[in-house]
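Q: Residue numbers (my numbering), protein chains in the order written: chain A, 7 to 152; chain B, 62 to 341; chain C, 424 to 606; chain D, 249 to 915.
What follows is a structure written as structure tokens; I'll ask about it next.
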Amino acid sequence: MDFEPKIVAFVCNWCTYAGADLTGTSRIKYPVNVRIVRFPCTGRIDFMLLLKAFDEGADGIIVSGCHPNDCHYTSGNFHARRRWMIFRNLIDFVGIDIRRVAFSWVSAAEGAKWAEVVTDTVGKIKELGPYSEYHQISKSFDGGAK
Amino acid sequence: MPLAVYPGCSLTGSSREYMESVEQILKTFEIPYTFVEDWNCCGATAAHNLNRKVAEALPARIIALAEKQGADEILVPCAACYNRLKSSQKKMDEDKVLKGQLSEMVGMPLDNGIKILNVLEVIEQSIVPKLNEKIQAPLNFKAACYYGCLLVRPGNVLNFDREEDPQSMDRIVEILGATPVKWSFKTECCGAGFTVSRTDIVSRLSGDILIDAVEHGAQALIVACPMCHANLDMRRKDIEKATGRKFDIPVIYLTQAIGMALGIDHQKLGLNRHFVPVSI
Amino acid sequence: MSESLNRQPSLSEKVAEITGISVNKCYQCGKCSAGCPVANDMDYSPSLIMRMLQTDDPQEEEKILRSYSIWLCLSCEMCYCRCPMSIDIPSIMDALRQKAYSEKKVNPKAKKIIAFHESFLDSIKWTGRLYEIGLVATYKLKTLDLLKDVELAPKMYLKGKLNILPEKMHGLKNVSGLFKKSK
Amino acid sequence: MSRIGVFICHCGENISATVDCERVAREASLMEGVLYSIDYKYMCSDPGQNLIKEAIKEHNLNGVVVAACSPRMHEPTFRNACAEAGLNPYMCEIANLREHVSWVHEKGDATTQKAIDLVRMLVEKVKNNKPLLPITVPVTRRALVLGGGIGGIQASLDIANAGHQVILVERDPSIGGHMSQLSETFPTLDCSQCILTPRMVEVARHPNITLITYAELESLEGFIGNFKAKIRKKAKSIDEKLCTGCGLCTTKCPNKKIPSEFNEGLGTRTAIYIPFPQAVPNKPVIDKTQCTYYTKGKCRLCEKTCPAQAIRLDQEDEILEFDVGAVVLATGFNVKGTDFFPEYGYGNYQDVITGLQFERLASASGPTLGEIRRPSDGKIPEKIVFVACAGSRDPAKGIEYCSKICCMYIAKHAMLYKHKVHQGNAYVFYMDIRAGGKMYEEFVRRAIEEDDVKYIRGRVSRIYERNGKLIVKGADTLMGGKPIEIDADMVVLATAGVASPKAEELAQKVHVSYDQHNFYAEAHPKLKPVETNTAGIFLAGSCQAPKDIPETVAMASGAASKVIGLFSNSELKRDPSIAVVNRMPPPTYTTCVGCGLCVTACPYQAIQLEDIKDRKGNVVKRAAYVNPGLCQGCGTCVAFCRSKSIDIEGYTSQQIVAEISALLNDE
Ligand SMILES: Cc1cc2nc3c(=O)[nH]c(=O)nc-3n(C[C@H](O)[C@H](O)[C@H](O)COP(=O)(O)OP(=O)(O)OC[C@H]3O[C@@H](n4cnc5c(N)ncnc54)[C@H](O)[C@@H]3O)c2cc1C
Ligand SMILES: Cc1cc2nc3c(=O)[nH]c(=O)nc-3n(C[C@H](O)[C@H](O)[C@H](O)COP(=O)(O)OP(=O)(O)OC[C@H]3O[C@@H](n4cnc5c(N)ncnc54)[C@H](O)[C@@H]3O)c2cc1C
Ligand code: SF4
Ligand code: SF4
Ligand code: SF4
Ligand code: SF4
Ligand code: SF4
Ligand code: SF4
Ligand code: SF4
Ligand code: SF4
């Protein structure tokens, strides 16, 4: 059977969630593999939640919010972006495959873009295969933490 | 380390009185100096008009020579040379690859850290503080300080004085006893390097400068650039022809003016070499 | 599509490559032309040259290279100093002149100006410094303007402003070498 | 124990055509904690809603998941239904089976599986939900308006006319702002004073407005609905109650040569002065920096002269305190001087003036009584040059933005000049004419076509004086950049409109953001133009960016209506989705270590560190406190907190982790 990756999307309520709604109202199709978790703002997205998702068996993650300057909360997505830079290094450092985390901006008017982001990510993760290495890595840093 | 002096071509040729007066005042104020040995021409406008690399290489060689002599500071009295040297230095600062290439071309190491000073900076630094006590014969005329282009522009390369209404020369002239006039052509171009090839343009532009100076009551023009001097002094006949006006206003190098106030013999200052007699 | 991919770099792109200056920043305010001491003598004013560069039109580019304007520019830096967008026109003019010169597209009216520059550079090449009599002699040969300034030289000589013989320098080879290396 | 009900909607066939709704309902009923599960054709219809209400009552449900369309569509509908059935509305969650499933995927097993996953995810979330109550904050129905230009005047009048108290604070001795300095106004050329003065008077007389002039904000504390403002009322050195405004004192003051601010330095005033005849209040102040008594210790002439014995030379600044519920910033703008521009003479030439100075020359109340006379010798200029964008749109020496109002006032100035000096010549050097507004383009065209103002497209390179004329060197770019020289008698520079002096200081005091030019930042450039990032603080007029009078007034009324809206209830209800720090009462338990990271992260300044004391009053630790009035629930603080001590109600880590686990462990 073909590998069907599990992808979790962390999106903000104001832009990307609404954008994904528009994908629906426009009846644009995309792969079924993605599940959306709604956040008030990308600024809320704690990157430990990313680890949690991988830990629970996600093969890929999408993080998406408003375009810079359009953030409903004025600076939330800048925080997300800045923290993303730090976490990127951190994720890299602990050995997580950065290619498995897609970061994008999808506005409430970009229904088609959302479909594109999902399609691209699913395609990419399919190529990468199941994220089976994660548990080995996580064991190693659980050990380190203790 | 003694100050290195780069005379440049004009100051050993058609503008030698400028060099003579520079040396006179350096001596009077006991500022030790040596010439940059075996110096070459800076390339002036001609080089950067026709050949980019040469335009950078010629000043680079001068900088390298001065550094080889161990100097930390180099005085460049000619405004045109000063402008070329500063601009090359800045380019090398911004482009390390270029610096490497130029160092190789001139066959000398190039640190590019030397401080390039124009005559006003040296005067402000080392002479102004002691100037008052040495003045013997205060100047007693109205002077229009003419800075021209190359001493003040472009501001982001040279930035030592207000671009549009520079003051440093006026301040010095005031100490000498003269009255600097407020006038409008302090930084207009005199025609610069077109003195031979487009004498008509030089006559027109230099003429405008003379007119404005005279109309603001100036009795002498004070300059710090051999090109300006050449155009305003040696080209006086052409200017008079072009403007249909007679001008007897002399054009004096700032260093000559200082020398005059110090009571130095006019001959020693090279004032006798001017085409327009200095009789004030 | 392929046409735009394969197209020759425009003159403005070449200028940008040499000088690092983008003409796109120019918003055609005309302030450079307003303050340029020789704008009235030019065939195209400095701001018009900037506009012509912006068009990326080969015909306009040809006109620029063959213009008198680029040779008339005195490098007085007035335009640069006042341009609200800080565009270094004098450097652009340098690049244009060098291009026109190397491509032999020099405006015939600019012959004298170029002759002077050439004579000047020759003098440096042969003596390392500016040898004024040599310069004037070469210039006159190049322009055949034999009568120009005949009365000036004797007067200069009398005032002690002319060296009859060129000054000697040791590193002449080194200096002449710079010209070869930068060919 | 969770007692959850799950309600699956078909949406006609919108959902059921691709998702097997019955199977979803079946699977849901097997989920742990789910007591009741059903599918139905139209959940949002009345029968659908009743289904939910009855189930809640019948099964005593303590959680509800509706699997239907986007929560952005019907979340309020279903939460209301729950509330009506007696369940806390925040115990209801929506699974989006339509926009995120049926409309974007093909019919099939995987699609139904996804629907089941989403339902499970929300079931797990609801298990972790807590009943929440809307937050209420009391509202003090009194507004503070800072700045008494036309913006502040309009906002004050609107709020006061709606029946609320207004404290209007003006820095200068009189209200009126820049509009009081203008001669006539575009695009109608009506007299500025004539339309402004009645409003100034109305402000002073309005029973709901407390006008405090010659005063500034000292400090502002608190949050929306509950600010505490301290106002420093500078000593005017007169007793305002006794003073009748007769002006006798000003005629006797020996210091007569002080440049008048109102006349932009083109006229003079005395040390004790009323800034202009129509000033409100029409009573003098003593300028302590200029008065001989304050600088040298003697004089007191005014004191002797005053028939009302109103002079108080020993008066001191007063600090006044007010509770206010909202603040309107209307502190306006400023214009650059002529010394801003080196090539235009560093301010050396008397006859090179600013646009605002020209207004004073053209104003009937001005130093020349409305005749256009040049400052140097009082001659009527025969040739006048207006220079547009003198400092604006100039990254090299000025500012990069367009000042917006100058194109229009230049056209106005040129017209006024031509109307007054018929034989005169008016030239305008411009780059672009920006006349976007009702009747604006027509106004500019009138200047060109009817009044023969010569517009030349090009920037001026230089201005210098020769033989009593100002030589203006420009270029005509429509003629290929041809240099143009005009020997003018007077030059008017349309200098840049910039932020009011010390604007950034005020912004810091009240915690609103400002841009790199010190103009105040609106909360959203399109949709929240009068709000700031700080709830309860609003913007009116040119403190936000240069703007003309109509725009200023529109914005002021907008800000006022926001304030009136806020004041329409005595309490403020807010969505309870806000941050809380995990604290438990006493002795206080919290994992917060007081690091303050959240304080710096919060874009709304909603978090403070506060001391936690034991019963004896000793400080035991410092911990974060979220002000529910300010928090907007963005959650940025949560992501920043390393000790996981702060969380967002409705989006707690626990809830989200539960969702993630439920999603991924479907087997
Ligand atoms: C030369 C010129 C001509 C113009 N002509 C026209 C025209 O014809 N038509 C037109 O529609 N518009 C015109 N305008 C624009 C008009 O002036 C403005 O739109 C208007 O003045 C803006 O009003 P405001 O209340 O926002 O600001 P302002 O008029 O600047 O008023 C702000 C007030 O706040 C006060 N203040 C500042 N800081 C503080 C503080 N910290 N605390 C308390 N008070 C403070 C100031 O003292 C001032 O009284 C012109 C502008 C200029 C410069
Ligand atoms: C091509 C274009 C691009 C634009 N781009 C931007 C941009 O990038 N940024 C920007 O800020 N602005 C932009 N705008 C401007 C923006 O569209 C308008 O500012 C905005 O739409 C104005 O909103 P409105 O509510 O005033 O009018 P409208 O959007 O016109 O809404 C009026 C509504 O009233 C209804 N209506 C009309 N008559 C009646 C009646 N008698 N009874 C009941 N209802 C009626 C109409 O059906 C309509 O729904 C753009 C405009 C255009 C044309
Ligand atoms: S001054 Fe600068 S921006 Fe203006 S036209 Fe000239 S080059 Fe362009
Ligand atoms: S540098 Fe050249 S183009 Fe620029 S102002 Fe001077 S002469 Fe004109
Ligand atoms: S609740 Fe939503 S999905 Fe269900 S019928 Fe109504 S609109 Fe359609
Ligand atoms: S202070 Fe006295 S003199 Fe002055 S205006 Fe008031 S009442 Fe008149
Ligand atoms: S005390 Fe001051 S204000 Fe009063 S008259 Fe004297 S100088 Fe003027
Ligand atoms: S409004 Fe007109 S004059 Fe003012 S800055 Fe903008 S374009 Fe220039
Ligand atoms: S949720 Fe946002 S607004 Fe509220 S305290 Fe946290 S960071 Fe500030
Ligand atoms: S809530 Fe967290 S981030 Fe804020 S002060 Fe406490 S420990 Fe620090």
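Just so it is clear, CB atoms sit at the ideal spot from N, CA and C, and this is done for glycine as well.
Helix, strand or coil, according to DSSP, for Pro-337 of chain D in the structure here?
A: Residue state, collapsed to three classes: helix.
Q: Could you list which residues in chain D have their beta carbon closer than 7 Å to that of Ser-245 of chain B, in chain order?
A: Those within 7 Å of Ser-245 of chain B in chain D are Tyr-712, Glu-713, Arg-714.
Q: Is any beta-carbon of chain D found at less than 9 Å from that of Ala-151 of chain A?
A: Residue confidence is low: Ala-151 of chain A scores 38 on pLDDT, short of 50, so the model does not pin down where it sits. Its coordinate-derived value is still stated next. Chain D, which has no Cβ nearer than 9 Å to the Cβ of Ala-151 of chain A, makes this no.
Q: If you follow the beta strand (DSSP E) that Ala-315 of chain D is part of, which residue opens it and which one closes it?
A: That run of the beta strand (DSSP E) goes 311-316.
Q: Counting only runs of 3+ residues fully inside the region 266-333 of chain D, write out the beta strand (DSSP E) ranges in chain order.
A: Counting only runs of 3 or more, we get 282-288, 311-316.
Q: Compile a chain-ordered list of the residues in the region 105-120 of chain B whose CB is closer than 9 Å to at least one CB of chain C.
A: Listed by position, the residues of the region 105-120 of chain B near chain C (Cβ gap below 9 Å) are Ala-105, Thr-106, Ala-107, Ala-108, His-109, Asn-110, Leu-111, Asn-112, Arg-113, Lys-114, Val-115, Ala-116, Glu-117, Ala-118, Leu-119.
Q: Should Pro-590 of chain D be flagged as near chain B, meaning a C-beta pair shorter than 9 Å?
A: Yes - at least one Cβ of chain B is within 9 Å of the one on Pro-590 of chain D.
Q: Quick one, which of C:Glu-541, C:Ile-493, C:Asp-517, C:Ile-510 has its alpha-carbon nearest Asn-530 of chain C's?
A: Considering only alpha carbons, the answer is C:Ile-493.
Q: What first and last residue would you give for the beta strand (DSSP E) that runs through Val-17 of chain A?
A: Counting along the chain, the beta strand (DSSP E) containing Val-17 of chain A begins and ends at 13-18.
Q: For Pro-876 of chain D, collect the residues of the same chain with a Cβ closer than 8 Å to its Cβ; drop the 5 residues on either side in sequence, then sort them by chain order.
A: If we look at Pro-876 of chain D and ignore the five residues flanking it on each side, its Cβ neighbours are Ile-383, Val-385, Arg-822, Ile-826.
Q: Distance check for Lys-645 of chain D and Tyr-665 of chain D, CA to CA, integer angstroms please.
A: For Tyr-665 of chain D and Lys-645 of chain D, the distance between alpha carbons rounds to 29 Å.
Q: According to DSSP, is Phe-524 of chain D part of a helix, a strand, or is it coil?
A: Phe-524 of chain D: coil per DSSP, three-state reduction.
Q: Please decide whether Cys-72 of chain A counts as near chain D, where near means a Cβ-Cβ distance under 9 Å.
A: Cβ-Cβ to chain D under 9 Å: no for Cys-72 of chain A.
Q: Can you tell me where the beta strand (DSSP E) holding Phe-255 of chain D begins and where it ends?
A: Counting along the chain, the beta strand (DSSP E) containing Phe-255 of chain D begins and ends at 252-257.
Q: Indicate the three-state DSSP secondary structure (helix, strand or coil) for Asn-292 of chain B in the structure shown.
A: In the structure shown, Asn-292 of chain B sits in a helix (DSSP, three-state: H, G or I).
Q: In the DSSP assignment, what are the bridge partners of Met-738 of chain D?
A: Per DSSP, D:Ile-632.
Q: Would Ala-343 of chain D pass as a contact of Ala-316 of chain D if the rule is Cβ separation under 9 Å?
A: Contact flag set, yes.
Q: Just confirm the distance between the C-beta atoms of Ile-559 of chain D and Ser-467 of chain D, as a whole number of angstroms; I'd bet it's less than 8 Å.
A: Incorrect: roughly 30 Å between the Cβ atoms, too far for contact.
Q: Which residue comes first and which comes last in the beta strand (DSSP E) that contains Leu-544 of chain C?
A: Where Leu-544 of chain C is concerned, there is no enclosing beta strand (DSSP E), although the alpha helix (DSSP H) it sits in stretches over 534-550.
Q: Apart from the five residues just before and just after Gly-149 of chain A, which ones in its own chain have a Cβ nearer than 8 Å to its Cβ?
A: Here Gly-149 of chain A scores only 42 on pLDDT, less than 50, and its place in the model should not be relied on; the value that follows carries that caveat. Around Gly-149 of chain A: no qualifying Cβ.
Q: Can you tell me whether Pro-460 of chain C is helix, strand or coil according to DSSP?
A: The answer is coil: DSSP assigns Pro-460 of chain C none of H, G, I, E or B.
Q: Does at least one heavy atom of ligand 3 sit under 8 Å from the Cβ of Lys-448 of chain C?
A: Correct: Lys-448 of chain C has its Cβ closer than 8 Å to ligand 3.
Q: Jot down the residue ranges of each uninterrupted beta strand (DSSP E) in the region 172-211 of chain B, minimum 3 residues, whole runs only, in chain order.
A: Whole beta strand (DSSP E) segments, 3+ residues: 176-178, 203-206.
Q: Going by Cα to Cα distance, which pick from B:Ile-184, B:Asp-172, B:Glu-134 is closest to Thr-88 of chain B?
A: The question names Thr, yet the displayed sequence has Lys at residue 88 of chain B. It is B:Ile-184.
Q: Can you give me the C-alpha to C-alpha distance between Arg-489 of chain C and Lys-528 of chain C, rounded to a whole angstrom?
A: Straight-line Cα distance between these residues: approximately 5 Å.
Q: Using 8 Å as the cut-off, classify the Cβ of Arg-710 of chain D as near or not near the heavy atoms of ligand 3, replying yes or no.
A: No, since every heavy atom of ligand 3 falls outside the 8 Å radius drawn around the Cβ of Arg-710 of chain D.
Q: Quick check: what's the CA-CA separation for Leu-519 of chain C versus Gly-600 of chain C?
A: So the alpha carbons of these two residues sit roughly 25 Å apart.
Q: Taking Val-414 of chain D as the query, report the chain C residues whose CB atoms sit under 7 Å from its CB, ordered along the chain.
A: Within chain C, no residue comes near Val-414 of chain D; the closest Cβ sits about 43 Å away, beyond 7 Å.
Q: Counting only C-beta atoms, is Glu-235 of chain B closer than 9 Å to chain D at any point?
A: It does not; no Cβ of chain D falls within 9 Å.
Q: Around the C-beta of Met-579 of chain C, are 16 or more other C-beta atoms found within 10 angstroms, so that it is buried, or is it exposed?
A: Met-579 of chain C should be labelled buried.
Q: Grab the span of the beta strand (DSSP E) containing Asp-571 of chain D for me, first residue to last.
A: Here the beta strand (DSSP E) through Asp-571 of chain D covers 566-572.
Q: How do the region 223-243 of chain B and the region 84-102 of chain B stand: do at least 3 beta-carbon pairs fall below 8 Å, yes or no?
A: Contact between the region 223-243 of chain B and the region 84-102 of chain B is absent, because fewer than three Cβ pairs lie under 8 Å.
Q: For a contact defined as C-beta to C-beta under 8 Å, what are the partners of Leu-55 of chain A on chain D?
A: Simply Ser-901, Ile-904, Val-905, Ile-908.
Q: Using three-state DSSP, classify Glu-819 of chain D as helix, strand or coil.
A: Residue state, collapsed to three classes: strand.
Q: Using DSSP with H/G/I as helix, E/B as strand and the rest coil, what is Phe-434 of chain D?
A: Reduced to three states, the DSSP call for Phe-434 of chain D is coil.
Q: Using a Cβ cut-off of 9 Å, which residues of the region 505-520 of chain C contact any Cβ in chain D, in chain order?
A: Listed in sequence order: Arg-505, Cys-506, Pro-507, Met-508, Ser-509.
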